Structure formats: C-alpha cells, structure tokens
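Report on the structure given below.
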Amino acid sequence: MIESTYSHELSKCVRCGICKTLCPTYLTTRNEAIGARGRVAMLGALLAKRLHPTKRLADMIYSCMLCGACKNVCPAGIDIPELMYQGRIELRNSYRKTRLLRKSLKYTISRLDNLAPFLRACQKMFYQPLHKAGILRYIPEISARPFKESTQVYKNTKKIGRVAIFAGCSVNYFYPNIGRALSNILLSKGYEVVIFSGELCCGAPLRSMGLEKEASGLAQKNIEHFNKVRAEAILSLCPTCTMVIKEQYPLLTGNTIRNIMDVNEFFTEKKMLDGLEVAPRTVTYHDPCHLSYGLGVRDKPRQILRSIKGIELSEMKHADECCGFAGFFSLHFKDISNTIGKKKIENISATSAETVVTSCPGCIMQLETLRRESNNKFRVRHIVEVIDEAMNE
Ligand code: SF4
Ligand code: SF4
C-alpha cells in the first residue's frame with residue numbers, strides 16, 4: 075500500500091467503535107489497545123509521529139489475529155487487516171521476540187520440501203518425549219509422506235473435467251489425509267486431478283510477520299507456476315490460502331492465480347454430491363474466519379452437510395466466532411488464544427455433536443489441541459473428510 079493511501083485509509087476512521095464489537099482480542103481482554111479501533115488509532119498516531127515505534131506498540135499491532143471480523147462492519151469501509159499488515163512492516167524491527175522466527179522463516183519457507191524430513195526427525199527426537207511428559211502442547215506429527223511429494227496427474231476414464239489442488243502447507247505436511255480425501259472424491263466423480271509439486275507457501279505467514287517483499291516473492295512464483303497448469307479450477311483446502319491468493323496477491327503483485335476456488339464453492343456449484351448417505355449422526359459446523367469473514371462462504375458447507383442423508387446439523391452458538399488459532403498468534407499470545415479457543419470448545423460441547431466439521435486445517439489444529447486438553451470426545455474433521463467417508467460408507 076502506498077503511503078498516501080495508507081494515510082488516507084487511517085484518516086477515514088471516525089472512532090465509532092463498531093469494529094471492536096466483533097474484535098475477538100478486544101472482547102477477550104476489554105483493552106482498547108488490543109482491539110480494532112485502538113489499533114487503527116495507534117497506527118494513525120505512529121504515522122503522525124505522535125507515537126514512536128516501541129516494543130509495546132509492536133505487541134499491540136501484532137496482537138491482531140487478522141481474522142477480518144472488523145472489516146465488513148466498518149461504516150467508513152476501512153480494510154482494517156490491510157492496515158495491520160502495513161503497520162507490521164513499520165514495526166517489525168520493534169517486535170523483537172520474533173526476530174529469530176522471521177530470520178528462519180525467510181530461509182525455510184520456500185525450502186520446506188527439503189527440510190520436512192529433518193524437521194520430522196527433530197520432532198520425533200525432541201518434541202515427542204516433551205509432549206508425552208506434558209511439557210509441550212499437542213502438535214500434529216509431520217507426515218513421513220507429504221501430500222505433494224511429486225507432480226502427479228491422475229487420469230480418469232470418465233474425464234468430466236480437470237482440476238488441480240492447492241493443498242497449502244498444513245495439509246501438505248501435517249494433514250496429507252485431507253488432500254487424499256479430496257483427490258478420492260474428485261477421482262470418483264470423474265475428474266482428472268493434478269497435484270503440483272511446484273506449489274509454495276501462499277505467503278500468509280511471512281506477511282503476518284511484516285515480511286511483505288518475501289511474501290510477494292512467493293506469490294509471484296505461485297502465480298507463474300499455477301497459471302501454467304491446465305485446469306478448470308485450482309481447488310484450495312485452506313481458506314487462508316484462498317483468501318490471500320484471491321484478495322492479497324493482486325495487491326502484492328498486480329496478478330493472481332486465475333481460477334483458485336474454495337472446495338465448498340466447487341462442490342455446490344457442480345452439484346456433485348447428491349445421493350450421499352451415512353449412519354445417523356449429529357455434527358456441528360465451525361466457520362473459519364477467512365472463509366466466512368474473508369470470502370463470505372457460510373451457507374455452502376452447511377448445504378453440503380445437510381444434503382448428506384443421516385447427518386443432523388446442530389448449530390453451535392457463535393459458530394462464526396474465531397477459534398483462537400490465527401497461526402503464530404497462538405504461540406505469541408497464548409493466553410488470549412486459549413481463552414478464545416476454550417469458549418469455542420464450550421460452544422461445541424453444548425451441542426453434544428459427535429463431530430465438529432470445519433473447512434480449515436488451521437482451525438483443525440487448534441480445535442484438536444483444545445479438545446485433547448479438555449478431554450472432550452468429539453471428532454474434529456475437515457469437510458472433505460466427511461464427504462469422503464460418506465462416499466465410502
Ligand atoms: S482483524 Fe480480527 S483481531 Fe484484528 S482488529 Fe480486526 S477483528 Fe480484531
Ligand atoms: S468501525 Fe471503522 S470508523 Fe469505526 S472505529 Fe472502527 S475503523 Fe474506525
């Protein structure tokens with residue numbers, strides 16, 4: 075964002091406070107400086123040099139979860155998360171606790187395929203014993219077989235269409251089963267499926283750390299690679315990747331991956347899931363922030379779940395409120411993240427559903443961690459796993 079636009083956007087704020095009524099960090103802390111309106115005001119004061127870049131100020135700006143709940147309600151039409159990204163570029167050197175993380179991210183994020191076996195070995199050696207001893211929280215195991223090991227094209231004799239998958243890092247390294255579930259669904263419905271090993275991180279973690287130039291570099295490479303893939307849609311399993319590619323790549327590079335699409339939208343548009351049936355069960359649905367606030371997709375996953383005979387959808391209270399994950403936020407602001415997440419777990423438990431379904435691997439990680447810590451028995455599933463199970467029941 076050029077400085078005049080940044081300054082203009084900041085100046086549009088009339089301090090009405092509507093944004094903070096939905097801001098999960100404000101609602102949890104009741105601290106104006108850890109809420110949407112306060113952050114916008116502080117960035118305005120920083121630009122006007124009434125505030126200086128300090129560690130404390132950086133903490134407040136980095137405590138935003140970038141969930142986007144505030145964005146759609148601002149009467150002045152301010153894209154508040156976009157201002158937070160800009161503020162983080164200004165403040166990243168003051169946010170000292172992530173200096174090491176930023177340096178290692180810059181080096182590792184485009185080399186994850188090569189580093190995954192090493193990280194997996196480290197995880198087994200150091201993390202597992204510490205987790206078993208109750209010292210470290212649950213982290214899913216890095217898979218021995220990432221989803222996109224090599225570029226593969228799965229041919230199909232029916233060939234009603236051809237799609238590619240943008241798996242995202244969480245699916246690729248932690249949850250390849252989710253990627254395989256999507257491939258199974260598509261193949262059994264007659265699609266040719268392309269899994270492309272040239273996929274890189276979408277850039278969201280870098281951008282959230284204020285590393286704009288590096289995020290743009292990844293965006294550029296993903297655009298070049300995926301726009302060469304012949305496919306009617308590039309299906310994404312992670313709403314953060316989808317939102318970043320659709321909305322932020324054009325800002326970062328002036329271009330985007332043309333036909334990126336959320337899986338829920340693809341399934342409902344193609345009407346390809348009719349006639350599924352499972353043994354009777356109750357499920358509840360959690361809206362990932364970047365899918366609901368970011369992309370406006372709320373009804374489609376519910377439509378899919380309701381269409382599966384045997385599934386009863388029991389809505390939880392505040393299904394569209396954040397689960398508290400927000401990537402690195404859950405590490406750096408653990409207490410706020412836990413408080414938000416525990417509320418979500420209570421709302422899930424109150425439905426007595428045996429499964430909580432969502433459409434985001436990040437939410438799955440957070441919900442599974444908190445489910446284990448609270449000794450709840452419900453299952454946590456990505457919607458494509460539920461569909462794949464229903465197709466094979
Ligand atoms: S993006 Fe989310 S956490 Fe950040 S200011 Fe807006 S509502 Fe609050
Ligand atoms: S809703 Fe918009 S105008 Fe109102 S305080 Fe928040 S940022 Fe400012």
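Numbered according to the working numbering, the sequence shown spans residues 75 to 467. Even glycine gets a Cβ: it sits at the ideal position worked out from N, Cα and C. On a predicted model such as this, the values are computed, not experimentally measured, just so you know.
By the C-beta criterion, the stretch 146–159 is judged not to be in contact with the stretch 182–191, since fewer than 3 inter-stretch pairs fall below 8 Å.
K86 has its alpha-carbon roughly 45 Å from the corresponding atom of R453. Taking the Cβ of P149 as the reference point, at least one heavy atom of ligand 2 falls within a distance shorter than 7 Å.
Distance from the CA of I414 to the CA of Y136, rounded to the nearest whole angstrom, comes to 17 Å. A direct Cα-to-Cα measurement between L120 and G328 gives close to 28 Å.
Proximity annotation: ligand 1 has residues C93, L96, C97, P98, T99, Y100, G109, A110, R113, C138, M139, L140, C141, G142, A143, C144, K145, I154, P155 and M158 in chain order, each selected because its CB is closer than 7 Å to a heavy atom of the ligand. Residue side-chain check: G118 keeps its Cβ at 7 Å or more from all non-hydrogen atoms of ligand 2.
With contacts defined as CB atoms closer than 8 Å, L350 and K383 qualify as a contacting pair. Distance between R445 and I422, taken at the CA atoms: about 10 Å. DSSP places V114 in no beta strand (DSSP E) but in the uninterrupted alpha helix (DSSP H) bounded by A110 to L121. E266 sits away from R219, with the two beta carbons spaced by 8 Å or more.
Note that the C-beta distance between T330 and L369 is not below 8 Å. The residues V245, L311, P435, H456, V458 and E459, in chain order, have a CB closer than 7 Å to that of I252 in the same chain once the five nearest residues on each side in sequence are set aside. DSSP, read as helix, strand or coil, puts E442 in helix. With 16 or more other CB atoms across the displayed protein chains lying within 10 angstroms of its CB, C97 is buried. Taking a 10 Å sphere around the C-beta of F403, we find 16 or more other C-beta atoms and assign the residue as buried.
Taking the CA atoms as reference points, A289 sits about 29 Å from A255.
For V357, the enclosing beta strand (DSSP E) starts and ends at E351 to Y359. The three-state reading of DSSP puts D336 in strand, counting E and B together.
If you check the C-beta of C90 against ligand 2, you find a heavy atom less than 7 Å away. No residue range can be given for A305, since it is assigned to no alpha helix (DSSP H) and is classified by DSSP as neither H nor E.
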